[in-house]
Amino acid sequence: MTTPPRPPLWMSIATLICAIAIVGTNALLLSPLVQPVGASLSASPTEVLWAASGYGLGVAAAALLIAPLGDRIGSGRLLRMALATLTIGFIASALAPSLWALIGAQVLCGLAGGAALPSIYTMAAVIAPKGREARTVGAVLTGWTLSLVFGVSLAAWSADLLGWRMIYGALAAFCGLVWWLSGPLAQLDEPGETATSPLSALRVPGMTRGILASVGLMLSFYATYSYTGAHATVNLGLGTAQAGLLPLTYGLGFGSAVFLAPFLDRIGLGRAASAIFVGLSVVYLSMGLTGDRYSVLLGLAVFWGVLQHLALNILVARLTALDPRQRGAIMGIYSTTTYLSVFAAPFVGGIGYQIFGFMGSVAISALLTGLAAVEALSLRRSPPRLSPTAGPDAPDAPA
Numbered sequence: 001m002t003t004p005p006r007p008p009l010w011m012s013i014a015t016l017i018c019a020i021a022i023v024g025t026n027a028l029l030l031s032p033l034v035q036p037v038g039a040s041l042s043a044s045p046t047e048v049l050w051a052a053s054g055y056g057l058g059v060a061a062a063a064l065l066i067a068p069l070g071d072r073i074g075s076g077r078l079l080r081m082a083l084a085t086l087t088i089g090f091i092a093s094a095l096a097p098s099l100w101a102l103i104g105a106q107v108l109c110g111l112a113g114g115a116a117l118p119s120i121y122t123m124a125a126v127i128a129p130k131g132r133e134a135r136t137v138g139a140v141l142t143g144w145t146l147s148l149v150f151g152v153s154l155a156a157w158s159a160d161l162l163g164w165r166m167i168y169g170a171l172a173a174f175c176g177l178v179w180w181l182s183g184p185l186a187q188l189d190e191p192g193e194t195a196t197s198p199l200s201a202l203r204v205p206g207m208t209r210g211i212l213a214s215v216g217l218m219l220s221f222y223a224t225y226s227y228t229g230a231h232a233t234v235n236l237g238l239g240t241a242q243a244g245l246l247p248l249t250y251g252l253g254f255g256s257a258v259f260l261a262p263f264l265d266r267i268g269l270g271r272a273a274s275a276i277f278v279g280l281s282v283v284y285l286s287m288g289l290t291g292d293r294y295s296v297l298l299g300l301a302v303f304w305g306v307l308q309h310l311a312l313n314i315l316v317a318r319l320t321a322l323d324p325r326q327r328g329a330i331m332g333i334y335s336t337t338t339y340l341s342v343f344a345a346p347f348v349g350g351i352g353y354q355i356f357g358f359m360g361s362v363a364i365s366a367l368l369t370g371l372a373a374v375e376a377l378s379l380r381r382s383p384p385r386l387s388p389t390a391g392p393d394a395p396d397a398p399a
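This note's numbering applies: residue 1 is where the sequence shown begins, and numbers increase by one.
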């Protein structure tokens, strides 16, 4: 039996970028569409955002319970199944006759997104050539930039011209196209002989510390990000459009970090981890100290995006290297903790914000990334685990 030809690397990367962009766009889409959706479905803004909550819960549940299936049937196949389901969810959202129908459609999208994200991260590790792991993962992660800078912004602008239902219809068409393009990825699957589970993944050496590091990174990000809009509009008295410049500049910084990924491969992810987390702590504290000058805050947001991208790159590479046989389950747990961090961040950041204002939120974020920097020091003492030459496929590549 002949082995099917491996698709070009650029095509695989482009497909995974588009898949992340679709999932990320839907996660952020309802916020700018609250008014037209509410007017169409006779619902309040709070009720419309119930659909966003339903999406988040669906993602968390699927990432934990469905993602391990990728280790059994192959992550490429699971990704295609998730994209097909996501297409159906978008169509159902576009045709939703009531609020509860929209909530149900978004829960379905969440289940699909929760299965898709771990599969995307796993496939990024599968397609990465030896010595180019950071560059490959970094390129795939730019899908989040596309969703933030282009996907949501373009959708919000187009909604005034085409209506919110057409936005979901366009997402369905784009998702269907990506499903068709993802066919070659399934040919790279090497399904496992046994099914994995969240419990078996948690027993992998280094998994607990890896997940704690991911909680520190994601909770620190959302604890500050959740209050940037309130700081800009309430504390600084700026308009909504001006407040939107901060996530835009952050997204541009996040995307530009892809050009720095080769340096991670060159010096080793383990050696770079502590410095990057320390850099994040410095940026957070600087944002708090200069928060009354919005122009400076925008400049710092660029560095924030760059360092967040590099830290996320290291984290994904670290987790996918733990056990190649259980990548689906491992990345499923990662995605679950990410969305639980999204849920918890407003409360965690709010503790500092209510007492010290914006400085309180960023101080909490700086503390969390500082702790992550201390934990990452151990990675410097084990270079084979995260070095450019010991990639995710290395048989002796635990944490």
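C-beta: ideal position from N, C-alpha, C; glycine also.
Computed from a predicted model, the values in this text were never measured in an experiment.
Asked	Found
Taking the Cβ atom as the reference point for each residue, do Ile407 and Ala201 lie within a distance shorter than 7 Å?	Residue 407 is absent from the structure shown; the chain starts at 1 and stops at 399.
Rounded to whole angstroms, what's the CA-CA distance from Leu386 to Met166? Just pull it up for me.	Only weak support is given to the placement of Leu386: the predicted model assigns it a pLDDT of 44, under 50, and the question is left unresolved by the model.
Can you tell which of Phe254, Val296 and Ala273 has the C-alpha that lies nearest to the C-alpha of Leu377?	Ala273
Between Ile276 and Ala311, is the Cβ-Cβ spacing less than 7 Å?	yes
Could you spell out where the alpha helix (DSSP H) holding Thr233 opens and where it closes?	Segment: none, Thr233 is in no alpha helix (DSSP H) and carries neither H nor E.
Can you give the Cα-Cα distance for Pro129 and Arg266, rounded to whole angstroms?	14 Å
Please state the DSSP three-state secondary structure of Thr336.	helix
Using 8 Å for Cβ pairs, my map puts Val204 next to Asp323. What's the rounded Cβ distance?	5 Å
Does the Cβ of Ala423 have 16 or more other Cβ atoms within 10 Å, making it buried, or fewer, making it exposed?	Here the chain has residues from 1 to 399 only, and residue 423 is not among them.
Work out the CA separation of Leu298 and Leu28 for me, nearest whole Å.	21 Å
I'd like the span of the alpha helix (DSSP H) that includes Arg77, first residue to last.	Ser75 to Ala94
Quick one: measure Cβ to Cβ for Trp304 and Tyr227, integer angstroms, because I've assumed they're closer than 8 Å.	Not really, about 14 Å apart at Cβ, beyond 8 Å.
Return the CA-CA distance between Ala43 and Ala155, expressed in angstroms with no decimal places.	21 Å
By Cβ distance below 8 Å, which residues in the same chain neighbour Pro398 in space, the five residues on each side in sequence not counted?	Residue placement at Pro398 is poorly supported in this model, since its pLDDT is 27, which falls under 50; the coordinates still yield a value, given next. So the list reads Val204, Pro205, Gly206, Ala321, Leu322, Asp323 and Arg385, once near-sequence residues are dropped.
Straight-line CA distance for Thr369 to Ser93?	38 Å
Apply the 10 Å Cβ neighbour rule to Met287 and answer buried if 16 or more other Cβ atoms are within range, or exposed otherwise.	buried
Name the residue from Asn26, Leu185, Gly279 and Gln308 whose alpha carbon lies nearest to the alpha carbon of Gly169.	Asn26
Going along the chain, which residues of its own chain have a beta-carbon closer than 7 Å to the beta-carbon of Leu219, five neighbours each way excluded?	Ser341, Ala344, Ala345, Val348 and Leu368
Use the C-beta contact count for Asp71: other C-beta atoms within 10 angstroms, 16 or more gives buried, fewer gives exposed.	buried
Based on Cα-Cα distance, which residue from Ala317, Ser75, Ala213 and Ala14 lies nearest to Ala186?	Ser75
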